[in-house]
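Report on the following structure.
Next up, the structure:
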């Protein structure tokens, strides 16, 4: 049966599909936009070339992968849902399906913490993680622990974020009043509510979260929930010959792998996954320098926390079109050496 899984450490089906995204080698390109919602993914996919017909794969676990070409360049759009766990699945499973470099831009929505106009697009230079401290006593509010934990910043790829910011500025339509904001810090939280300082009926002890963060980081501008994990994994990816895999055995995986639903271009020919994604080129020859993960983000400001203003549906459509096409342009023109690209042969973008 196709969905039999034989390795609990990094689960794949017999036809080499990864466990949660459902993709296999040849179904995801080196240049990737990742978004939260399937509707945004489909909207951006409307700008892809008509030929070859874009490949679509949706799984029961909420992932949607669309791969095609934009102005002749292979590109993927991956919808991952919300939160750092989904971002973690995305980066790890895509990386195991790719030879060569992996270049990722997250395009998502955010809340603005400073005087930034709703509808602006923010391209941060770095992101921090904000997590609820489970050792804090939220019932009593009395604890030797702080209620929230804040990480150090992790940097976006300088060259990639500069390319994204420039392209967005160059392509901004005159009908869009808001602009592009750069050189800021983003905060990725583990909750839309508690870790972002929103007040609900739960005793979250979070009234000081925003003030604390702004005291630590003067350039803090946005809240969202995925960017830190993507940048963190990109920064953690080994670039030297040091050991990279844990020796510890993983626990068995519960449940069944995601069952993919494929449309558009037929599925890729069964390619073997890269033997060593830390080293291999499309020809299986070790790359020097080793394959990289390069990541950046662009955030559309949906809500202003100070004024409580929220973006309108009409603004969302217009700005998503501009930002989606702008990020496609930036990625399509972002240089990756030919030997650092996944092979076209047998892929869903093969012409």
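In my numbering, the protein residues as written are 74 to 424.
Heads up, the beta-carbon is just placed ideally off N, CA and C, and yes, glycines get one too.
Just the C-alpha distance for residue 442 and residue 252, rounded to the nearest angstrom, thanks.
Here the chain has residues from 74 to 424 only, and residue 442 is not among them.
Taking the alpha carbon of residue 309 as the reference point, which residue from 240, 203, 368 has its own alpha carbon closest?
368
Inspect the CB distances between the segment 115 to 126 and the segment 154 to 163 and report whether three or more fall short of 8 Å.
No, the segment 115 to 126 is not in contact with the segment 154 to 163.
Residues near residue 382 by beta carbon distance below 6 Å, same chain, minus five either side:
Counting only Cβ-Cβ distances below 6 Å, and skipping sequence neighbours, we find 191.
On the DSSP bridge assignment, give the partners of residue 297 in chain order.
261
Does the Cβ-Cβ distance between residue 432 and residue 366 come in under 8 Å?
In the structure as shown, the chain starts at 74 and stops at 424, and residue 432 therefore has no counterpart that could be examined.
Under 7 Å Cβ to Cβ from residue 236, same chain only, skipping five residues before and after it: list those, please.
Around residue 236: 403, 407.
If distances are taken between C-alpha atoms only, which option among 279, 226, 278 comes closest to residue 291?
Taking only the C-alpha atoms, the option nearest residue 291 is 226.
From what residue to what residue does the beta strand (DSSP E) around residue 204 run?
199 to 205
Pull the bridge partners of residue 238 from the DSSP assignment, please.
Answer is none; residue 238 lacks a bridge partner.
Inter-residue Cα distance where the pair is residue 304 and residue 297:
Taken atom to atom, the span from the alpha-carbon of residue 304 to that of residue 297 is near 13 Å.
Could you check what DSSP says for residue 288 in three-state terms: helix, strand or coil?
helix
Between which two residues does the beta strand (DSSP E) carrying residue 149 extend?
146 to 152
Within 10 Å of its beta-carbon, does residue 143 have 16 or more other beta-carbons around it, so buried, or fewer, so exposed?
buried
What residue range is occupied by the uninterrupted beta strand (DSSP E) comprising residue 131?
128 to 131
Cβ pair residue 241, residue 194 closer than 8 Å
yes
Have a look at residue 243 and residue 208 and give me their C-alpha separation to the nearest angstrom.
48 Å
Among residues of its own chain, excluding the 5 on either side of residue 377, which ones have a beta-carbon nearer than 6 Å to its beta-carbon?
185, 191
Look at the alpha carbon of residue 152 and the alpha carbon of residue 197, and state the distance between them as a whole number of angstroms.
Straight-line Cα distance between these residues: approximately 21 Å.
Please name the residue, chosen from 264, 394, 88, that lies closest to residue 246 on a Cα-to-Cα basis.
394
Alpha carbon of residue 115 to alpha carbon of residue 389, nearest angstrom:
14 Å
Start and end of the alpha helix (DSSP H) containing residue 399?
386 to 405
Buried or exposed: residue 145, going by 16 or more other Cβ atoms within 10 Å of its Cβ?
exposed
Does the distance from the C-beta atom of residue 221 to that of residue 268 stay below 8 Å?
yes
Extent of the continuous alpha helix (DSSP H) run through residue 164
157 to 168
Of the residues 259, 90, 293, 101, which one's Cα is nearest the Cα of residue 421?
101
My guess is that residue 250 and residue 201 are in contact by the Cβ rule of under 8 Å, so how many angstroms apart are they, rounded?
Rounded to the nearest angstrom, the Cβ distance from residue 250 to residue 201 is 29 Å, too far for a contact under 8 Å.
What's the C-alpha gap between residue 82 and residue 93?
14 Å
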